[in-house]
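S.K.: Under full-length UniProt numbering, the first residue of the sequence shown carries the number 1, and numbering increases by one thereafter.
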Amino acid sequence: MTVGGPTITLSNGVKMPQVGLGTWQSSPAEVKGAVKAAIEAGYRLIDTAACYQNEGAIGDVIHELIQAGKVKREDLFITTKLWVTHLHPDDIESAIRESLRLLQLDYVDLYIPHMPTCFNVELHLYWPQHELHEICKKHNISITSYATLGSPGRVNFKLPSGVKLEWAPAPADMDDPNVKKLAEKYKKTPAQILLRYVMDRNIAVIPKSVNPSRIVENFQVFDFKLTPDEIKELETTPHRQRLFLQDFMEGHPEDAFASERKH
1 MTVGGPTITL SNGVKMPQVG LGTWQSSPAE VKGAVKAAIE AGYRLIDTAA CYQNEGAIGD
61 VIHELIQAGK VKREDLFITT KLWVTHLHPD DIESAIRESL RLLQLDYVDL YIPHMPTCFN
121 VELHLYWPQH ELHEICKKHN ISITSYATLG SPGRVNFKLP SGVKLEWAPA PADMDDPNVK
181 KLAEKYKKTP AQILLRYVMD RNIAVIPKSV NPSRIVENFQ VFDFKLTPDE IKELETTPHR
241 QRLFLQDFME GHPEDAFASE RKH
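1. Can you tell which of G4, S99, D223, F224 has its C-alpha closest to the C-alpha of A54?
2. Would you call Q129 buried or exposed, if buried means 16 or more other Cβ atoms sit within 10 Å of its Cβ?
3. Smallest Cα separation from A57: which of G42, R44, T23?
4. In three-state terms, what does DSSP make of T144?
5. For the UniProt domain "NADP-dependent oxidoreductase" (19 to 117), which segments carrying the beta strand (DSSP E) assignment without a break, of at least 3 residues, lie completely within its bounds, in sequence order?
6. Starting from the N-terminal side, write out each stretch of the alpha helix (DSSP H) that is 4 residues or longer and does not extend beyond the stretch 161 to 213.
7. Going by the CB atoms, is the gap between A41 and I215 shorter than 8 Å?
8. Using DSSP with H/G/I as helix, E/B as strand and the rest coil, what is N218?
9. Along the beta strand (DSSP E) that carries P253, what are the first and last residues, could you check?
10. Nearest-angstrom Cα distance between T85 and G69?
11. Using the rule of at least 16 other Cβ atoms within 10 Å of the residue's Cβ for burial, across every protein chain shown, is K81 buried or exposed?
12. Looking only at its own chain, which residues have a Cβ that is under 6 Å from the Cβ of V210, when we skip the five neighbours before and after it?
13. What's the gap between the Cα of L182 and the Cα of W83?
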């Protein structure tokens with residue numbers, strides 16, 4: 001079993017696992033099984049946030065596994081995030097102390113502001129963020145990709161009326177013909193190809209799942225790499241779509257996505 005997997009080096013020299021478990025939209029009940037399955041599969045990076053409202057459940061599992069001798073605290077890389085309601089300097093310490101209390105930890109390995117930016121960004125085949133990536137490389141800033149798989153649940157989401165949301169006009173990344181072709185070639189799943197596409201750009205990934213078999217599958221991506229030509233072929237896709245437009249900012253004078261909104 002691979003433990004931890006490859007790492008990327010942050011600007012301060014700290015090494016962070018390149019593959020971690022994302023926990024957004026994982027309820028406390030779901031996330032307990034997910035974190036346990038992930039750590040047992042070899043994951044060492046767990047990504048959460050105050051606004052996910054599951055830090056307490058994650059803390060319970062981490063504490064349980066450490067106490068049982070299944071993992072050491074120093075072998076884990078725990079990330080959590082400061083929510084926008086606590087961005088004032090006077091509120092930051094109380095926010096992180098509450099996260100630490102819930103996580104039952106003395107420290108987290110990475111603590112970042114959730115917004116306005118933390119370089120944990122939407123990045124996937126249909127939204128590759130090449131310009132941002134080049135800027136970050138120039139300034140030695142590491143990127144973590146979210147929605148690496150193209151957020152298929154969001155792309156395929158339909159209103160109760162059966163109408164598909166207009167901001168997702170393209171098909172799901174995992175249905176891309178070139179992705180399927182490479183999956184067949186490497187005897188991998190489309191999800192594993194999409195993860196490798198981002199990883200081969202030296203970007204960290206935190207695929208979210210609460211399904212134990214998919215959690216294991218998402219970690220079985222270290223035995224192959226895509227060639228430069230295969231990456232170029234993937235990028236010939238005509239589809240480009242940003243899925244997360246932070247709708248709560250619509251109409252705000254500092255809305256970062258005003259020009260990209262489709263609805």
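By construction, the Cβ of each residue, glycine as well, lies at the ideal position given by its N, Cα and C atoms.
M.R.: Let me lay it out:
1. For the sequence presented, residue 54 should be read as Asn rather than Ala. Checking every option, the nearest Cα to that of N54 belongs to S99.
2. Q129 counts as buried, since at least 16 other C-beta atoms from the protein chains shown sit within 10 angstroms of its C-beta.
3. The shortest C-alpha separation from A57 is found at T23.
4. strand
5. 20 to 22, 45 to 47, 77 to 82, 110 to 113
6. Listed in chain order, they are 177 to 186, 190 to 199.
7. yes
8. helix
9. Unbroken run through P253: none, as it is neither H nor E.
10. 37 Å
11. So K81 ends up on the buried side.
12. S26, E30, A34
13. 39 Å
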